[in-house]
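2 protein chains.
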Amino acid sequence: MKIIVLKFGGTSVGSIARIKKIAKIIKAYSKSYRVIVLSSAMSGTTNKLIDLSKKISKNFSDQEYDVLVSTGEQISCSLLAGQLIENGLIARSLMAWQIPIVTEGEYKFSRIKYIDKKKILNFLKSGGIPIISGFQGINKDLNITTIGRGGTDASAIMFAKFFKAERCVIYTDVEGIYTTDPNKLKKAKKIKNISYEEMLEMASLGSKVMQPHSIQDARLNRINIEVKSSFFNKTGTLITKRKNIISNKIITGISSTDNDAKVTLLGVKDRPGIAALIFKPLSQNSINVDMVVQNISSNGKETDLTFTIKSFDLNKTIKILKNNTKISFKKLIVDKNVSKVSIIGVGMITTPGVTFRMFQALAKQNINIQVISTSEIKISVLIKRKNILKAIKALHAEFNLNK
Amino acid sequence: MKIIVLKFGGTSVGSIARIKKIAKIIKAYSKSYRVIVLSSAMSGTTNKLIDLSKKISKNFSDQEYDVLVSTGEQISCSLLAGQLIENGLIARSLMAWQIPIVTEGEYKFSRIKYIDKKKILNFLKSGGIPIISGFQGINKDLNITTIGRGGTDASAIMFAKFFKAERCVIYTDVEGIYTTDPNKLKKAKKIKNISYEEMLEMASLGSKVMQPHSIQDARLNRINIEVKSSFFNKTGTLITKRKNIISNKIITGISSTDNDAKVTLLGVKDRPGIAALIFKPLSQNSINVDMVVQNISSNGKETDLTFTIKSFDLNKTIKILKNNTKISFKKLIVDKNVSKVSIIGVGMITTPGVTFRMFQALAKQNINIQVISTSEIKISVLIKRKNILKAIKALHAEFNLNK
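Printed below as a string of C-alpha cells:
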C-alpha cells in the first residue's frame with residue numbers, strides 16, 4: 019500500500035470543531051493509503067507562546083524558545099490523535115524526539131537532516147496513523163529544535179522524501195494556487211497543475227501559500243504536492259514536475275507585490291566593480307536588492323543606477339548609501355509608490371513574443387514601465403502602484419487566464 | 019557543595035511577574051547550594067488543556083492525555099530557564115525524556131521508578147541550574163507519562179531522594195503548615211517544625227498543602243521538606259523526623275473535615291465476620307470507611323454499627339447496603355450534618371490525660387461527642403457540624419496553641 023503525507027496548517031487544527039473535521043479527512047485517506055500526518059500548532063498558539071517569551075526578554079534564549087514554541091504542536095498532535103482514537107482508528111502522537119527527527123544548524127533555524135523511519139514504519143504496518151509534530155526536531159545534543167524556514171510544510175516535504183510518499187497534501191486555508199490573487203481580481207482561477215519552477219516564482223513573488231524553501235525541497239526530490247483547503251471538499255492545485263503538466267496556456271499565473279521601493283542614484287562615478295561596491299554593504303545588512311538597471315551616461319564617466327528593495331528596508335538603505343565612502347554620486351531619488359507585476363509560465367520558453375504582448379497590453383492601458391527584469395519563465399515589470407489592479411486585469415485577459 | 023531541590027507550584031509560576039520573582043529566589047539559593055528546580059505548569063494551564071481533551075471525548079485516550087497535559091510544565095520550565103539566563107545565570111530546561119525520568123504504571127497514574135543522574139550532575143558541576151518539568155516521566159516504551167498522585171511534589175521528593183539533597187523546599191501559595199485552618203480560626207499559628215507522622219495525619223485529615231503520598235515518600239527517605247510561600251520572604255514549616263524536633267507542646271495541630279456523613283445500622287444480626295460482610299462491598303466500590311463503632315446489643319444476637327464516610331459517597335453507600343443480601347438489619351439512619359475534629363501531636367505519646375483534657379474542653383462548650391477514634395499521635399471525635407468552629411477554638415486554647 020502506498021504512503022501519503024498529509025500536512026495540516028494552524029487554521030486546519032484551529033479549534034476542536036476543526037480537529038473533528040480533519041479527523042474525517044484523515045479517515046477517508048486511510049482507506050486507500052498508509053497515512054502519515056504532520057500537524058502545525060493550533061492557530062494563535064505559537065504567537066501566544068512567543069508573546070510570553072518576549073515579556074521575559076527581547077533576547078529570550080534561542081534554545082529555550084524552541085522548547086517553548088514546540089509545545090504548540092505537541093498540543094495539536096495529542097488532540098488530533100485522541101480524536102482519531104475516539105473515531106475508532108489506531109493513532110498516536112509522535113514528538114520529534116520519539117522518532118527521532120534529527121536536525122542540524124542553529125536553534126530557531128534548524129534544518130531536518132535525517133528521519134529515523136523504523137518506529138513509524140512499524141506503526142504504519144500495524145495499521146496505525148502516526149500524528150507527527152511539524153516544525154520541530156532534536157539536535158545531536160538531544161535538545162529540541164525548531165525549523166526556521168517553511169515550518170511544518172518543510173517537515174511534511176522531508177517526510178514525503180524519506181518515506182517515498184506518493185504525494186504530499188498540504189491542507190491550508192486557501193483552496194489552492196490561483197492565476198492571481200483572488201482578493202485583487204475576482205476573475206482569478208484556481209490552477210489545476212503548476213510546475214515547481216513556476217510555483218517558486220509565484221511564491222517568491224508574493225503568493226504566500228508555501229515558502230520557496232519547501233517548494234525547492236520538493237522540486238529537488240520530485241515530490242508531488244497538492245495544496246488544498248481543509249474547509250471545502252474540492253480539488254486543489256498539484257505542484258509537480260513540468261513533464262506531468264499538459265497545458266495550452268503560455269502563462270500560468272500573475273503575481274504582484276505591494277511593498278517595493280525604487281532607489282535611483284544619479285551621476286555615479288563609473289569604474290569597474292562599482293555595482294559591487296554599492297550592493298555589498300546592503301547585502302551585509304540583509305537588505306535584498308531585487309531589480310537592477312544601470313544606464314551608461316553620455317560622457318562615459320558617469321552612470322545612473324536604479325534598483326528596488328522592500329519598502330521596510332528603505333531608511334536603512336538610504337543611510338548605508340549616504341555613509342558609503344567608497345562611492346560617489348550626484349543625487350539620490352527614492353520612490354515608494356511602485357509595484358512589481360510579473361507574468362509566470364513555462365509556456366513562454368517555447369513561445370516567442372510574450373514580452374511584446376505583455377508590454378503592448380500595459381501600453382494600451384497607458385501604464386508606463388519603469389524597470390524590467392526577466393528569467394526563463396518570468397517577466398517582471400515595475401510600475402506605479404496605483405496602476406497595479408489595472409495591470410493585473412489587462413494581463414489576466416491578454417494571456418487567456420479568465421478561461 | 020550541597021544540593022537543594024526547589025519545587026514551585028502553579029501559582030508560583032502563574033505569570034511572567036511571578037516567574038521574575040522566583041528567578042530571584044533561585045539566584046539567592048544558588049550562592050550556597052547546587053540547585054535543582056522542579057516546576058509545575060502555570061496555574062490554569064493544565065485545566066485549560068484538560069478542557070480541550072474533554073471537548074473531544076469524555077474517554078479521551080489516557081496516553082494522549084499525558085502527551086497533552088505535560089506541555090504545561092514544558093512551557094513554564096522553558097520560560098523560567100529563559101528568565102534565569104536573562105538574569106545572567108547558567109540554566110536550562112530539562113524534560114523528563116531528556117534525563118530520563120523513568121516511570122512505571124498506567125498512563126495518568128504513573129510513579130517515578132528511576133532518575134538517571136548523569137546529565138543533571140554534569141550540568142550542576144558546570145555551575146548550571148537545571149529546570150526540570152515536574153509531574154511527568156517516560157515509560158519503557160519511551161512514551162510520555164504523568165504522575166497520578168502528588169504531581170510535582172512527588173517529583174521533587176524523588177529528586178531529593180536520588181540526589182541525596184540536603185533539603186527539599188516546596189514553594190506554594192501558603193506560608194506553611196498552621197496549627198489549624200487560618201480561614202477558620204484567626205489565632206492559628208504557623209508551625210515551625212512538624213514530624214512526618216504528624217504531617218501525614220494533618221494532610222489526610224484535611225490540610226491540603228501536600229498530598230499524603232508525597233509526605234510518606236519523604237518520610238521513608240528521611241528528606242527534610244520545607245513548605246513556604248513564594249509570595250513572602252518568611253520562614254515556612256519544616257517537615258522532618260521526630261528526633262529533630264524539640265517542642266514543649268503536647269499537641270502540634272488541629273484539623274477538621276467538612277464533608278463527612280454518619281451511617282448507623284440498627285439491629286444488625288450479629289455473627290462472626292459481619293463487619294467484613296458489610297464493609298467489603300463498600301471497599302470494592304472505592305468507598306472509604308473512616309471511623310467505626312460497634313455496640314453489642316443487650317440480647318447478644320444483634321448489634322448496632324455506626325461508621326463515617328465522605329458525604330459524596332452517601333447515596334452509593336445506602337444503595338450498596340440495601341442491596342447487600344448477606345446481611346440483615348432493622349433500620350438505616352444517616353446524618354449528613356457531622357464533622358470530624360482531630361488533635362494531632364507526637365507529644366501525646368508521653369503525656370497521659372490528653373483524651374480527658376480534650377473531652378473536658380468539648381464538654382465545657384456543651385459539645386456532644388458521637389464517635390471517637392484514636393491512633394498513637396491523634397485523637398478524632400465526630401461532632402455536629404454546627405459546633406465545629408466552637409470546638410476548634412476551645413481545643414486550640416486548651417492545648418496552648420494560641421502561643
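Respectively, the protein sequence lines represent chains F and S.
Take the first sequence: its letters are residues 19 to 421, numbered as in our numbering.
Take the second sequence: its letters are residues 19 to 421, numbered as in our numbering.
Using N, Cα and C, we set each Cβ at its ideal position, and we do this for glycine too.
Which same chain residues end up closer than 7 Å to F:Phe180 when comparing Cβ atoms and leaving out the 5 residues on each side of it in sequence? Around F:Phe180: Ile133, Lys135.
Determine, for F:Ile93, whether the minimum Cβ-Cβ distance to residues of chain S falls below 7 Å. Yes, F:Ile93 lies at the interface with chain S (some Cβ there is under 7 Å from its Cβ).
Distance, F:Lys298 Cα to F:Asp423 Cα: With chain F running from 19 to 421 in the structure shown, residue 423 of chain F is simply not present.
Against chain F, with Cβ distances strictly below 7 Å, would S:Val53 count as a contact? For S:Val53, no Cβ of chain F is located within less than 7 Å of the residue's own Cβ.
Amino acids of chain S, ordered along the chain, whose beta-carbon sits closer than 8 Å to that of F:Arg110: By Cβ distance, chain S contributes Gln81, Glu82.
Drop a sphere of 10 angstroms on the beta-carbon of F:Asp171, count the other beta-carbons inside from all chains shown, and report buried for 16 or more, exposed for fewer. F:Asp171 is buried by the Cβ-count criterion.
Give a yes or no on contact between the stretch 355 to 363 of chain F and the stretch 265 to 273 of chain F, applying the rule of three or more CB pairs nearer than 8 Å. Contact holds: three or more Cβ-Cβ distances are below 8 Å.
Proximity test, Cβ basis, 7 Å: F:Ala41 and chain S: Not a single C-beta of chain S is nearer than 7 Å to the C-beta of F:Ala41.
When you compare the CB positions of S:Thr63 and S:Tyr125, do they come within less than 7 Å of one another, or not? Not a contact, by the Cβ cut-off of 7 Å.
Using only the alpha-carbon positions, how far apart do S:Val399 and S:Ile351 sit? Computed Cα separation, rounded: 19 Å.
Check distances from the C-beta atoms of the stretch 103 to 128 of chain S to those of chain F and list, in chain order, the residues that come in under 9 Å. Those would be Ile103, Glu104, Ala109, Arg110, Ser111, Met113, Trp115, Gln116, in chain order.
Assess contact between the stretch 339 to 349 of chain F and the stretch 281 to 288 of chain F, defined as three or more Cβ pairs (one per stretch) separated by less than 8 Å. Is contact present? Two segments are said to touch when three or more pairs of C-beta atoms, one from each, lie closer than 8 Å; by this definition the stretch 339 to 349 of chain F touches the stretch 281 to 288 of chain F.
Would DSSP call F:Thr255 helix, strand or coil? Of the three classes helix, strand and coil, the one that applies to F:Thr255 here is strand, per DSSP.
Are the beta-carbon atoms belonging to S:Ser75 and S:Ser248 less than 7 Å from one another? Cβ atoms of S:Ser75 and S:Ser248: not closer than 7 Å.
Could you give the first and the last residue of the continuous beta strand (DSSP E) run that contains F:Val87? Note, F:Val87: premise wrong, no beta strand (DSSP E); alpha helix (DSSP H) at 80 to 87.
Which residues in the same chain as F:Phe127 place their Cβ atom closer than 6 Å to its Cβ, once the five residues preceding and following it in sequence are excluded? The beta carbon of F:Phe127 sits closer than 6 Å to those of Gly166, all from its chain and outside the five residues before and after it, given in chain order.
Delimiting residues of the alpha helix (DSSP H) encompassing F:Phe297: For F:Phe297, the uninterrupted alpha helix (DSSP H) run begins and ends at 292 to 302, by DSSP.
So, does the stretch 70 to 85 of chain S touch the stretch 43 to 54 of chain S, judging by three or more C-beta pairs under 8 Å? Touching, no.
Nearest CA to the CA of S:Thr452: which residue from S:Thr275, S:Ser213, S:Asn239, S:Lys252? It is not possible to answer for residue 452 of chain S, since the shown part of chain S is limited to 19 through 421.
Tell me, please, whether the CB atom of F:Val85 is closer than 7 Å to any CB atom in chain S? Answer yes: the Cβ-Cβ gap between F:Val85 and chain S drops below 7 Å somewhere.
Distance CB(S:Ser79)-CB(F:Ile37) smaller than 7 Å: Cβ distance not < 7 Å, so S:Ser79 and F:Ile37 don't count as in contact.
Where are the beta strand (DSSP E) runs, 3 residues long or more, that stay fully inside the stretch 108 to 165 of chain F, in chain order? Complete beta strand (DSSP E) runs here, min 3: 109 to 112, 119 to 122, 129 to 133, 147 to 151, 154 to 156, 162 to 164.
Tell me the rounded alpha-carbon separation between F:Glu219 and F:Lys396. F:Glu219 and F:Lys396: Cα-Cα distance of roughly 7 Å.
By the three-class DSSP mapping on this structure, what secondary structure does S:Asp322 have? In the three-state DSSP reduction, S:Asp322 falls in the strand class (E or B).
At a cut of 8 Å, does the stretch 199 to 207 of chain F reach the stretch 242 to 262 of chain F through at least three beta carbon pairs? No: the two stretches stay apart, fewer than three of their Cβ pairs being nearer than 8 Å.
Is S:Ala409 helix, strand or coil when you go by DSSP? It is helical.
What does DSSP give as the partner residues of S:Arg185 in its beta bridges? By DSSP's assignment, S:Arg185 forms a beta bridge with S:Ile22.
Residues bridged to S:Asp278 by DSSP? BP columns for S:Asp278 point to S:Lys328, S:Val356.
When you compare the CB positions of S:Gln101 and F:Thr89, do they come within less than 7 Å of one another, or not? Taking 7 Å as the Cβ cut-off, S:Gln101 and F:Thr89 do not qualify as a contacting pair.
Does any residue of chain F bring its CB to less than 7 Å from the CB of S:Ile44? No, because no Cβ of chain F sits closer than 7 Å to the Cβ of S:Ile44.
Figure out for me which residue from S:Pro370, S:Val356, S:Ile314, S:Lys411 has the closest Cα to the Cα of S:Gln388. Nearest C-alpha to S:Gln388 among S:Pro370, S:Val356, S:Ile314, S:Lys411: S:Val356.
May I have the straight-line CA-CA distance separating F:Asp308 from F:Lys20, to the nearest angstrom? For the pair F:Asp308 and F:Lys20, the Cα-to-Cα distance works out to about 42 Å.
Which chain S residues sit within Cβ distance under 9 Å of F:Lys135? The contacting residues do not exist; F:Lys135 stays about 16 Å from chain S at best.
I'd like to know if F:Phe78 contacts chain S, where contact means its C-beta is closer than 7 Å to some C-beta of that chain. Chain S, which has a Cβ nearer than 7 Å to the Cβ of F:Phe78, makes this yes.
Between the C-alpha atoms of S:Ala279 and S:Glu216, what's the straight-line distance to the nearest angstrom? So the alpha carbons of these two residues sit roughly 24 Å apart.
With DSSP collapsed to three states, give me the class of F:Leu203. In the structure shown, F:Leu203 sits in coil (DSSP, three-state: anything other than H, G, I, E or B).
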